[in-house]
Amino acid sequence: MIMRVQAALYAKGYDPGAIDGELTESTKLALRKFQSEHGEAVTGKMTTQTMNALGVALTP
1 MIMRVQAALY AKGYDPGAID GELTESTKLA LRKFQSEHGE AVTGKMTTQT
51 MNALGVALTP
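See below:
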């Protein structure tokens, strides 16, 4: 799931670092930036709201 989030962030112009399935500081930073720019609570976590906004399904 982390890889899908990283790929979605990258596709939307955010730099999650390597798309490797690891929840790195770069990925968290990209999540926070995305959340901030989309009016979400800035947590750096993969919340349901963030996942929906990124278009990432919660199920495999």
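Heads up, the sequence shown is in UniProt numbering, so the first residue is 1 and it goes up one at a time.
Beta carbons: idealized from backbone N, C-alpha and C, even for Gly.
Quick one: what does DSSP say residue i is sitting in, helix, strand or coil?
{"i": "leucine 23", "result": "coil"}
{"i": "lysine 28", "result": "helix"}
{"i": "leucine 9", "result": "helix"}
{"i": "alanine 53", "result": "helix"}
Give a yes or no on whether the C-beta atoms belonging to residue i and residue j are separated by under 7 Å.
{"i": "lysine 33", "j": "tyrosine 10", "result": "no"}
{"i": "alanine 53", "j": "histidine 38", "result": "yes"}
Measure the C-alpha to C-alpha separation of residue i and residue j and round it to an integer number of angstroms.
{"i": "lysine 12", "j": "methionine 46", "result": "16 Å"}
{"i": "serine 36", "j": "alanine 8", "result": "16 Å"}
{"i": "glutamate 22", "j": "glutamate 40", "result": "23 Å"}
{"i": "glutamine 6", "j": "threonine 59", "result": "16 Å"}
{"i": "aspartate 20", "j": "threonine 50", "result": "19 Å"}
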